[in-house]
Amino acid sequence: MITVFERPAALTSAKTHYCPGCTHGIIHRLVAEVIDELGIREETIGVSPVGCSVLAYNYFNIDMQEAAHGRAPAVATGIKRVFPRKVVFTYQGDGDLASIGIGEIVHAAARGEKFTTIFVNNAIYGMTGGQMAPTTILGQESMTSPDGRNPATQGYPIRVAEMLATLEGAVYIARVSVHNPQEVARAKKAIKTAFELQIAGKGFSLVEVLSSCPTNWGYTPTESLKWIADKMIPVYPLGVKKPLEEEKS
Amino acid sequence: MLQEIILAGFGGQGVMSMGQLLAYAGMVEDKHVSWIPSYGPEMRGGTANCSVTISDEEVSSPIISEPDTLIVLNRPSLEKFEKDVKQGGLLLINSSLIDIEPQRQDLNVLKIPSSDLANEKLGNSQVANMIILGAFIELTNAVSPESVIGALKNVLPDYRHNLIPLNQQALEQGIELARRIKLGKTA
Amino acid sequence: MVKVLMKGNEALAEAAIRAGCRYFFGYPITPQNEIPHYLSKRLPEVGGVFVQAESEIAAINMVYGAAGCGARVMTSSSSPGISLKMEGITYMAGAELPCVIVNIQRGGPGLGSIQPAQSDYFQAVKGGGHGDYKLLVLAPATIQEMVNLMGKAFDLADEYRNPVMILGDGILGQMMEAVELPEQKDLGKLPDKPWATTGAKGRAPNLINSLYLDASELEKHNHHLQRKYERMAKEMLWEEYKTDGADIVLVGYGSSARIARAVVDKARAEGIKAGLFRPISLFPFPKPALQAACAQAKNVLTVEMSMGQLVEDVRYNLEFKVPVHFYGRAGGMVPTTRDVMEEVKRIVSNGEGGGTV
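Shown next, in the form of structure tokens:
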């Protein structure tokens with residue numbers, strides 16, 4: 001018998017608590033596959049955030065630390081400074097990273113901390129029940145923007161990847177999506193690149209992954225994937241933000 | 250022996266290092282010592298002061314509310330601390346920069362034009378603090394001159410070590426001055 | 437051993453190095469800046485790491501990450517900065533992470549002043565952040581004791597897997613006294629931490645966490661923590677000075693205790709039988725020793741640089757059997773021996789004091 005598909009060693013057998021149609025599960029798997037392929041499962045320490053992926057430590061079969069809301073980059077800094085040769089990553093959502101933790105991520109990137117951040121952007125607060133996030137797009141309805149996000153009173157979405165790409169300490173910043181198989185493949189490639197650059201000791205790396213939230217968006221899982229393509233990507237264009245093609249040597 | 254000293258002046262007059270030299274010298278002589286600075290914005294150019302305790306016993310309160318000795322290098326310091334000195338205590342005044350008379354009649358007052366002396370005799374007004382410190386140790390025997398001279402290399406930052414001989418001369422000037430006064434001669 | 441003259445802040449920093457601390461994460465604030473100044477130079481010399489964080493919140497979370505890896509790690513700050521660190525401190529207490537936190541207290545509330553105060557007593561000993569937790573809190577009164585307690589703090593933190601706070605103040609931080617420093621601790625002989633996240637090599641993964649979504653599980657964790665805090669009772673530390681047969685016992689910690697001690701000598705010289713009880717561990721509070729020291733006392737007087745915080749614990753721990761008076765200065769003002777002496781005389785003659793000024 002030939003095994004054609006199995007659970008990565010870097011994932012536990014625990015059933016996830018994610019809602020049906022949520023793409024967190026795909027992203028977990030991509031990270032785990034990369035860890036397996038790089039052979040670093042026993043050398044990796046992950047940091048889980050507060051938000052939907054708060055229980056990520058139950059799903060990754062590696063050493064993990066659970067951080068306070070938004071503070072994962074600071075916790076990861078502490079870890080990486082103690083173990084500079086181990087592989088350290090944070091897994092953070094958009095409320096965690098782009099709102100309460102925006103200071104921590106900016107400064108970790110600016111310091112060039114040599115860890116990797118997987119930034120899952122679904123344009124909403126999921127765990128707390130669908131409130132507006134800093135990444136909620138204009139006009140998008142949420143529990144705290146019931147008439148749609150209005151820039152006059154609620155401001156504009158933050159493009160984290162583009163913003164962090166301006167910092168010298170960041171060596172690799174990319175935005176990917178997981179709304180179709182081609183993009184999933186690209187997402188995995190970006191995640192692998194980010195980890196490889198960390199292992200090479202180059203600097204800070206971040207992969208922003210556009211992700212779906214059928215429960216809080218109020219769409220079916222299939223509609224949600226279409227919403228990523230139609231509504232999110234125009235606001236959050238995919239691609240490698242740093243280094244740009246012309247900068248590569 | 251218990252000597253509680255408050256040293257005060259403008260920031261930059263060497264008040265803090267004068268206090269540290271005393272504390273260091275006391276420590277070398279196996280006495281119990283403490284040094285507390287004022288800290289905060291006034292250190293940037295305003296008045297600065299520190300409290301030094303030198304004692305044969307363990308120092309209880311390092312906070313000095315009634316000093317045995319007050320050493321003042323500028324006028325605001327005299328105005329601020331004169332009232333606190335212990336009855337019969339010692340008051341050392343840098344008369345080059347303080348043109349008022351002390352109010353208290355119950356203190357032993359010694360006026361030394363230390364800034365002028367430092368300028369005229371040593372060519373550097375920066376060591377005025379050492380002249381007055383020399384006078385203090387001669388009058389009180391709180392610590393020996395050798396201990397203070399020995400402490401210079403520990404208290405002054407490395408880049409000031411070239412000034413150690415000058416500081417030593419200034420200290421000796423102060424000692425000599427106080428000795429003459431003790432013998433009833435004028436400065 | 438050779439004595440050196442050191443500022444309290446610098447002595448704490450050097451003592452941390454000698455205790456095997458190799459990681460410091462902090463943010464500037466007066467009057468504790470000599471600690472980061474010193475360590476930013478000294479830690480790299482011994483192969484350690486110094487990071488100036490972007491905020492106190494980030495700093496304490498870096499401490500969390502490093503402590504979770506099993507490192508001896510510390511941070512330091514002063515009152516307003518400690519308030520910001522409270523988030524990380526409660527997470528560390530919940531996740532049972534050892535670390536040392538120095539608070540060189542200044543006047544408050546709010547931005548307050550930069551002058552010495554002791555008004556963070558409640559915050560330090562009652563928890564400070566959210567949830568049921570305790571810090572081990574040690575309050576040195578001399579620079580030598582700062583050095584000694586720093587070494588002890590790291591050992592206690594590891595033994596109990598708990599954050600330990602050194603509660604000082606601006607006087608202790610800025611003051612210089614002669615100290616003898618201990619030898620460098622052998623880093624190879626620090627306690628094993630099999631729970632740390634070091635990479636799950638040949639073992640099941642380790643997790644550093646304070647989240648218990650199941651209420652009964654969290655209650656179990658709360659009971660576990662509580663039992664640990666009760667076990668800490670054996671770490672009580674205190675000093676007594678002339679309390680035998682004292683009619684009035686002064687109680688104070690840290691800088692205030694130094695002032696109170698001078699008052700005891702003054703009072704004795706005037707024929708007043710005064711003594712001093714100085715708690716060194718503020719949590720655990722040395723209740724049995726305080727009770728014994730005050731058993732014969734007609735009056736007790738706490739001397740504090742606050743509007744009355746320690747006094748509440750003294751009353752409570754003496755079970756309201758002895759009149760407990762309070763003398764405090766606040767905002768960065770420091771009690772003088774003269775004023776405390778006046779208070780002692782008032783209490784001894786009338787059985788009552790004037791309270792704060």
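Chains as they are written, first to last, in the working numbering: chain A, 1 to 249; chain B, 250 to 436; chain C, 437 to 793.
Where a beta carbon is used, it is the ideal one built from N, C-alpha and C, also for glycine.
Cβ of residue i within 7 Å of any chain C Cβ
{"i": "LYS86(A)", "result": "yes"}
{"i": "PHE89(A)", "result": "no"}
{"i": "TYR288(B)", "result": "yes"}
{"i": "GLU408(B)", "result": "Note that residue 408(B) corresponds to Tyr in the displayed sequence, not to Glu. No, TYR408(B) does not count as interfacial toward chain C."}
{"i": "ALA272(B)", "result": "yes"}
{"i": "HIS24(A)", "result": "no"}
{"i": "ALA10(A)", "result": "no"}
{"i": "PHE195(A)", "result": "no"}
{"i": "HIS107(A)", "result": "yes"}
{"i": "SER314(B)", "result": "yes"}
{"i": "MET276(B)", "result": "yes"}
{"i": "ALA74(A)", "result": "yes"}
{"i": "SER283(B)", "result": "yes"}
{"i": "PHE83(A)", "result": "yes"}
Beta-carbon contacts of residue i that lie in its chain and below 6 Å, excluding the five residues immediately before and after
{"i": "CYS19(A)", "result": "THR215"}
{"i": "SER266(B)", "result": "VAL404"}
{"i": "GLY688(C)", "result": "ALA696 and VAL739"}
{"i": "THR144(A)", "result": "GLN131 and MET132"}
{"i": "LEU592(C)", "result": "LEU572 and VAL600"}
{"i": "ARG186(A)", "result": "VAL176"}
{"i": "GLN745(C)", "result": "TYR557 and PHE558"}
Neighbour flag for residue i against chain B, beta carbons, 7 Å
{"i": "GLU613(C)", "result": "yes"}
{"i": "ARG478(C)", "result": "no"}
{"i": "ALA698(C)", "result": "yes"}
{"i": "LYS439(C)", "result": "yes"}
{"i": "THR679(C)", "result": "no"}
{"i": "GLN727(C)", "result": "no"}
C-beta contact flag for residue i and residue j at 7 Å
{"i": "ALA696(C)", "j": "LEU712(C)", "result": "yes"}
{"i": "LEU441(C)", "j": "MET276(B)", "result": "yes"}
{"i": "LEU340(B)", "j": "LEU319(B)", "result": "yes"}
{"i": "ALA32(A)", "j": "PRO8(A)", "result": "yes"}
{"i": "ALA503(C)", "j": "LEU475(C)", "result": "no"}
{"i": "PHE461(C)", "j": "ALA507(C)", "result": "no"}
{"i": "ALA553(C)", "j": "GLY543(C)", "result": "yes"}
{"i": "GLY103(A)", "j": "GLY203(A)", "result": "no"}
{"i": "VAL264(B)", "j": "HIS281(B)", "result": "no"}
{"i": "SER300(B)", "j": "THR773(C)", "result": "no"}
{"i": "LEU432(B)", "j": "ASN416(B)", "result": "no"}
{"i": "LEU206(A)", "j": "THR117(A)", "result": "yes"}
{"i": "VAL88(A)", "j": "PHE115(A)", "result": "yes"}
{"i": "ALA577(C)", "j": "ALA693(C)", "result": "yes"}
Residues bridged to residue i (per DSSP)
{"i": "VAL536(C)", "result": "MET510(C) and VAL600(C)"}
{"i": "VAL240(A)", "result": "ALA174(A)"}
{"i": "CYS505(C)", "result": "CYS505(C) pairs with nothing; no bridge assigned."}
{"i": "LEU572(C)", "result": "VAL600(C)"}
{"i": "ASP63(A)", "result": "ILE45(A)"}
{"i": "LYS439(C)", "result": "GLU616(C)"}
{"i": "ASN121(A)", "result": "LEU210(A)"}
{"i": "ASN357(B)", "result": "LEU339(B)"}
Residues of its chain near residue i, where Cβ-Cβ distance is below 8 Å and the 5 sequence neighbours each way are ignored
{"i": "PRO627(C)", "result": "ASP594 and GLU595"}
{"i": "GLY337(B)", "result": "ASP355, LEU356 and ASN357"}
{"i": "VAL482(C)", "result": "ILE453 and ARG458"}
Any C-beta of chain A under 7 Å from that of residue i
{"i": "ASN497(C)", "result": "yes"}
{"i": "VAL573(C)", "result": "no"}
Same chain only: Cβ atoms within 7 Å of residue i, ignoring 5 sequence neighbours per side
{"i": "ASP36(A)", "result": "PRO8, ALA9 and ALA10"}
{"i": "MET498(C)", "result": "PHE461, VAL487 and ALA489"}
{"i": "ASN58(A)", "result": "THR12 and ALA14"}
{"i": "THR77(A)", "result": "ALA108 and GLU113"}
message: Under 8 Å, CB to CB, which of the residues in the stretch 458 to 470 of chain C have a partner in chain A?
response: TYR459 and PHE461
message: Closer than 8 Å between beta carbons: that is the criterion. Which residues of the stretch 617 to 646 of chain C meet it against chain A?
response: THR633, THR634, GLY635, ALA636, LYS637, GLY638, PRO641, ASN642, LEU643, ILE644, ASN645 and SER646
Residues within the stretch 521 to 532 of chain C neighbouring chain A, beta-carbon criterion of under 8 Å: GLU523, GLY524, TYR527 and ALA531
- prompt: What are the residues of the stretch 49 to 73 of chain A that lie near chain C, defined by any Cβ-Cβ distance shorter than 7 Å?
  reply: Cβ contacts with chain C: VAL54, TYR57, ASN61, ILE62, ASP63, MET64, GLN65, GLU66, ALA67, ALA68 and ARG71.
- request: Output, in sequence order along the chain, the residues in the stretch 24 to 44 of chain A whose CB is closer than 9 Å to any CB in chain C.
  value: Contact annotation: in the stretch 24 to 44 of chain A, residues whose CB is within less than 9 Å of a CB in chain C are ILE40, ARG41, GLU42, GLU43 and THR44.
message: Short of 8 Å Cβ to Cβ, which residues in the stretch 299 to 313 of chain B face chain C?
response: VAL308, SER309, SER310, PRO311 and ILE312
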